[in-house]
Amino acid sequence: MKRRDFLKIVGIASSATLLSSCGVEKGTEKLIPFLVPPDEDYIPGVAQYYSSTCTECPANCGVSVKVVDFNPIKLEGLEANPINRGALCLRGQSSIVRLYHPDRIKQPLKRGANGQFQPIGWDEAIQQVVQALKSARGQGKANVYLSGRTTGSLSRLLDNFAKDAEVERVPEYEPFAHANLREAYRLVFGRKEIPFYRIEDADFLLTVGVDLVETFVSPVSYAKQLSRAKDRENFRWLHFEPHASLTGFQADKRFIVKPGSEAYLVGFFLNYILTNGLNKKRIPPEITNALPKIDAGQAAEKTGLDADTLNKLAAQLAEARAPMVISGGVSTHQKNGLETAVLTALLQWALGLTDRLVDFARAENYDHVGSVADVQQLVKRLNADEIGVLFLARTNPVATLPAAIPFAQAMARASFKVALTDFLDETAEQCDLILPLSHSLESWGDAEPRKGLLNLIQPTVEPIFNTLSEGDILLAIADGYQGRPNVFSYQQWLLREWNRTYGEAFVDEFLKKGFYEAPAKAVRLSLNTRALTRFLKDAKLDVRPQGHILYAIPSLRMFDGRSKVLKLTSEIPDPLTTISYGEWITVSDETAERLKLKDKDEVAFQVNGNQLALPVKVQPGLNGDVSTIHWDQLERAFLDVDQRSGEILAVVSGGQMQKTGKKIAIPILSGSMEEAYERGIFPDHNGHGMKHHADVRETLYPPHEHPEYRWAMTIDLEKCIGCSACVAACYVENNVAIVGKEEHLIGREMSWIRIEPFYGKDRDREMNFMVMLCQQCCNAPCETVCPVYATMHNPEGLNAMVYNRCVGTRYCHNNCPYKVRRFNWFDHEWETPLDRMLNPDVFVRHKGIMEKCTFCVQRIRTARDVAKDEKRKIRDGEVIPACSQTCPTDAIVFGNLLDEQARVTKLAHSDRSYRVFEEIGTEPAVYYLRKKEIKDEA
Amino acid sequence: MKHKEVDTAKPMTPREKIDYQNEIEERVLSAMRKPTPLYWIGLGISLLMVLIGAISWAHQIRTGMGVAGITNPVGWGVYITDFVFWVGIAHSGTLISAILFLFRAKFRSRFNRSAEAMTVFAVLTAGLFPLIHLGRVWFAYWLFPYPNQRLLWVNFRSPLIWDVFAVSTYLTVSAIFFYVGMIPDLAIVRRFKKGFAKRIYSILSLGWTGTFKEWQHYNQLYKYLAALATPLVISVHSVVSWDFAMSVIPGWHTTIFAPYFVAGAIFSGCAMVITLVVPMRKMFKLEKIITIDDFDKLAQILLFTSLIVGYAYIVEYTIAFWSGNVFEESQFIYRVVGEYKWFYYLMFFCNVILPLTLFSSKLRRNIKYLFVVSIFVNIGMWFERFNIIVMSLAHDFDPYAWGFYMPSLVEFGITLGSFGWFFTWFLIFAKTLPIVSITELKEEVA
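Structure below.
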């Protein structure tokens, strides 16, 4: 080779290397600042908060929407809202994903000649609807509007719309309509409502099957109330259920009853109160005579509990100053569910609860919600070809109705089907026209989840896709039908409506506050003696479930299935089983032993010709022959309907279970739920394992100095209900990646905070939840082993992460006793427009680096900037990490340990305080408050 | 071909001596002649393995560490196992050359060259793994304390930084030791080469002429280097063991790790020497030079270190159960009953049970048997590292975080590549450098 050639080659090679390394790394493109900001109040990067309402489930909690650079990036519970009081559940936290979901319907769609959906414009779409409405009327057919639960002004607009467009508004359809409960209150008091249960003021709570903290009517509200109630020393809570629910494990004492025996249990309590209690006068003799007589012996035989225990409990109930009895959930979703609900309502009356704690003045607003019976009526009319245009708004009956009701076939007979929805669900797929709805964060509106409580819905972002709010659509159709020009937007209509109903002054305050609470109107209750006597005569308490019994339980993560699309709800594991993706069925220890089942073994479950084959998860605490499956995972063919009330029956009895011999891979994230006490994860009740102020260890290194702040956290395990809201909040706040099923199967979940369930000492009746997150150790094992100081102790006591310095040795992760560090095995995708959801204050980690919780350091940073501007220190309560902010039970408290007056300092020094694995000498900054002792043995 | 066994105990006549010396020279140098097809096939396979490894690594860099099987909570898997395995292999080189040299163990001269070569190549291989296991290998230079304007520095508390120094020091010293020991032999090779090759060997032999003065200086330097290398045998693997012992993980956090690892390293190193020398001896017809007596002595070292290793296994259990520490107890129960129990049994059989047969001198002197045992020991020692690393991580403090790790194809590919890389170097060495120390063997009979 010649010298010149050599130089040439070297030159080309080196310049090629240089050029190729000059490329822009993904996500590091230059940001161009605004020269002229587009808005007066707008400062780039500074968050603004708008009050609104969460519409993910019918509870309609108040939210505060965090908006940065015109993008809503997180929902937080609205502090002042009387429903959720600052908290938000897992689904509420995840619901921001719905706004940016890439699978949302992006423009109106019309079924073309070839049967495929074609995008069309809004004007054309509205025109089509109007024409269809008119031609249906011309043929003498009725046009029908079927929707999910609708409240507030939208409900009034619907009434107007029904008048203007000659559309019939049929009772709304909700899978969780609580039809039996409402029917029971109709039978007993003549009020078809769900009252608001004031458990916060109770001192003896007795719950029968009701999943208060999971999905029951307004779970965040109830979780909050339970937490407040638990603050009182004298609060006692007993729970009865045949299956294992998250709520059940929160009770002071959980009783496992035989399936279908709940009516006897409540009936026994009622009999006991009537014979020994104070208020027997209040029940007229004709009712007393019609009541089934149940003594302790019979109740014991039916429920499988001890007669002495039952007598003792009944006596406690009778003596309690403020008792409270609630049934609901699975106990009212079975054949004798209506009987259970009626007896419970009577018991509430007999105990005098209806004066105070069972509040009808603030009843949950289910006024327009019907039941499956109403849908059956509609199906009949559809089959008789009486229906022209069928509107289906925010409802998915095709997927959620029991298969016995052939809704899909029936709806095909309507001449024109219009879906108002945000996703192409099973029902929308059967429609002729799809009108995509804006998310509540893109629309104006209000909601009235409880009587007299109006929650504001206001837009926080321009519609991301070509969508409209339901109000706007209805106005446009009505105007089109009437041949008027469409001048009013729903926003204008709303303002007029508010002004008219509440007055000018109201609107300003409403917009600022985010909700309005009208004074409660007193409700006078009286027994509906005739209807009740008639019902009690025909009441059939004994349902005798046979064979293997399957309970379809509402899922904390998916509700009735509607939250399944959110991705994040699948990524976060179910707290009881720690299964994230996939479908499964739980079996009791007994069944597992009998059929020689282990986790992930497939079983075939058969009943009346229907069959399902699913992997099992062994779940202690179930009655022997009981299995559970999440509601959204059960095929509709298994479900039945109670014709008296129109309630969907979620208890499938008479089944047979067999092992198929296959093993199915499902991600069970927990390695083991045993050994928690031996390992000191929980100290036992006599304080063993609490080496709180252990002697100081010898160390070669100088101690860390914390001159101003030492951030710390306390987590009250008595209050933690395992609801995983904190997990969801953390995902959204910190841009934690969603990695999907395949990664979960090999154990690569990314959550920074997790709920770890562990069996208690009484494996069947206790389950404890450990909230595990980075402990921000003072002597952190992760820090010393990092070769490049990518993680280091900062002067405020945090294990700071320098993401850009990380080279990815993973030694820190190995050396973490709490295993809370997460490695980015790949680059993660935020499919457009999901990337708009990213929190700009938090680094988006790419492949090859480690990440973990840093107590929401970005929030500390913001608070410090504000404090610095005001020349003061950060106040207690000024920094609230996302997990603590959203916690429905206020279990998580954060603050500065150097501040003696701080709440966290006081809690950290309480006698319940301990730290996990303290003997390793890590000096964690997370203090756990152990569970309180059970006060007496019942 | 028949070979006359040389009985060095019996004095040779001067004629015999010269014949023997010539034969040594002839045999060793003939190994450097034109390669046979078998050699090319071997080299080809090795290079293919390197290629597989390189593709696997490239895929991993491009896609992310996720293509390996490592997961939560097992952040280190096959890569670190391979690293410790190769560092271990690298050990006996220095042991055989330096320590046995200082102890005047004569049989050393048959093995020292190949052992030293093995050391250098094994360290070269081992050194790849800390890079391979990095999440962001393109920033690997951050692990070195280099001056920079951002005043970023490395964390000298981290055992990984100690590793960087230990391994790079070991590589430097063993390379120098390997080279210095070879200078007189290179001068012999120079004599038989022509043209360009002669120039290369002349440069490499540093103009060695073999004068008395040169030999005097040379011997001093060699002794000095041997003394310098000796503590490294202890220190390098001690430091590697501290990667684990300095952590808090039950199964890692133990004071016996340094001697335990050093013994293990010598054990595996000796096994690897046997594995390499047996075929080499056959292939290059060195039966006359490397005798059964020499293998017997190597086997004795193998047996001795096996006993130490076995003792360490037992001590681990004793300490775990004596400590009353629930995490330790649980970890060591897990090792024999958990998902990986067969790996543990395999390790115990290969490293403790099988080498016990070497108490029989008949088996020690059976080259074929010894070869088989050495292979088993290699496997066993690989699994020892795997067991320590993976099992401890898979089952530590928090039961929720317990998990299971299985290597992926990429990890197998890279491991295969590392063997290919090692054998490629070794095969190139076998054809380009004298594989047995000619001068030292000559000196023995002089």
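Protein chains in written order, with this note's numbering: chain H, 21 to 958; chain X, -10 to 435. Here a beta-carbon is modelled for each residue, glycine too, at the ideal position from N, C-alpha and C.
| Asked | Found |
| --- | --- |
| Neighbour flag for X:I150 against chain H, beta carbons, 7 angstroms | yes |
| Selection from H:V638, H:S460, H:Y205 and H:N309 that minimises the alpha carbon distance to H:T360 | H:Y205 |
| Cβ-based burial, X:H206 [other Cβ within 10 Å; buried from 16] | exposed |
| Cβ-based neighbour list, H:K130, same chain, cut-off 6 angstroms, excluding 5 preceding and 5 following | Q138, I140 and L453 |
| Proximity below 7 angstroms, CB of X:W197 to CB of X:I172 | yes |
| is_contact[X:M54, chain H] using C-beta, thresh 7 angstroms | yes |
| For H:C903 and H:S771, the rounded distance between their alpha carbons | 12 angstroms |
| Any C-beta of chain X under 7 angstroms from that of H:S690 | yes |
| Proximal residues of chain H, C-beta to C-beta of X:R146 below 7 angstroms | T804 |
| Residues that H:H650 bridges to, as DSSP identifies them | H:I573 |
| H:Q566 versus H:G280 - alpha carbon distance | 10 angstroms |
| Residues bridged to H:F1038 (per DSSP) | Outside the shown range of chain H, which is 21 to 958, sits residue 1038 of chain H, and nothing can be said about it. |
| Status (buried if at least 16 other CB within 10 Å, exposed otherwise) for H:V378 | buried |
| Where the alpha helix (DSSP H) containing X:M380 begins and where it ends | Per DSSP, X:M380 belongs to no alpha helix (DSSP H) and is neither H nor E. |
| C-alpha distance - H:H866 paired with H:N844, whole-angstrom precision | 6 angstroms |
| Inter-residue spacing [alpha-carbon to alpha-carbon] between H:L930 and H:K250 | Looking at the sequence provided, one finds Ser at residue 930 of chain H rather than Leu. Approximately 16 angstroms between the Cα atoms of the pair. |
| Test: H:Y809 CB closer than 7 angstroms to a CB of chain X | yes |
| For H:M821, the residue or residues it bridges with in DSSP | H:T811 |
| Uninterrupted beta strand (DSSP E) stretches inside the stretch 872 to 942 of chain H (no shorter than 3 residues) | 912 to 916 |
| Below-7 angstroms beta-carbon distance, H:H833 vs any chain X residue | yes |
| Status (buried if at least 16 other CB within 10 Å, exposed otherwise) for H:Y501 | buried |
| Nearest-angstrom Cα separation, counted from X:S98 out to X:V266 | 13 angstroms |
| H:R582 - DSSP class collapsed to helix/strand/coil | helix |
| Chain H contacts from the stretch 59 to 72 of chain X (Cβ-Cβ distance under 7 angstroms) | T60, N61, P62, G64 and W65 |
| Simplified DSSP assignment, three categories, for H:F508 | coil |
| Cβ of H:T829 within 7 angstroms of any chain X Cβ | yes |
| Short-range partners of chain H found in the stretch 234 to 252 of chain X, where Cβ spacing is below 8 angstroms | M235, S236, V237 and I238 |
| First through last residue of the alpha helix (DSSP H) which encompasses X:Y28 | P26 to T52 |
| Within chain X, the residues that H:D621 reaches when beta carbons sit closer than 9 angstroms | None at all; the shortest Cβ gap to chain X is about 17 angstroms. |
| Any beta strand (DSSP E) of 3 or more consecutive residues that is wholly inside the stretch 371 to 459 of chain H | 378 to 384, 407 to 413, 436 to 441 and 453 to 456 |
| N- and C-terminal bounds of the beta strand (DSSP E) containing X:H206 | Segment F201 to A234 is the alpha helix (DSSP H) holding X:H206; no beta strand (DSSP E) there. |
| Inter-residue CB distance, H:Q796 and H:W731 (contact presumed, cutoff 8 angstroms) | 7 angstroms |
| Chain H contact for X:V315 (CB, 7 angstroms cutoff) | yes |
| Proximal residues, the stretch 758 to 772 of chain H versus chain X, C-beta separation under 8 angstroms | E763, I766, G767, R768 and E769 |
| Proximal residues, the stretch 672 to 703 of chain H versus chain X, C-beta separation under 9 angstroms | L689, S690, G691, S692, M693, E694, E695, A696, E698, R699, G700 and I701 |
| Proximity winner among H:I940, H:K183, H:G602 and H:G168, relative to H:L495 (alpha-carbon distances) | H:K183 |
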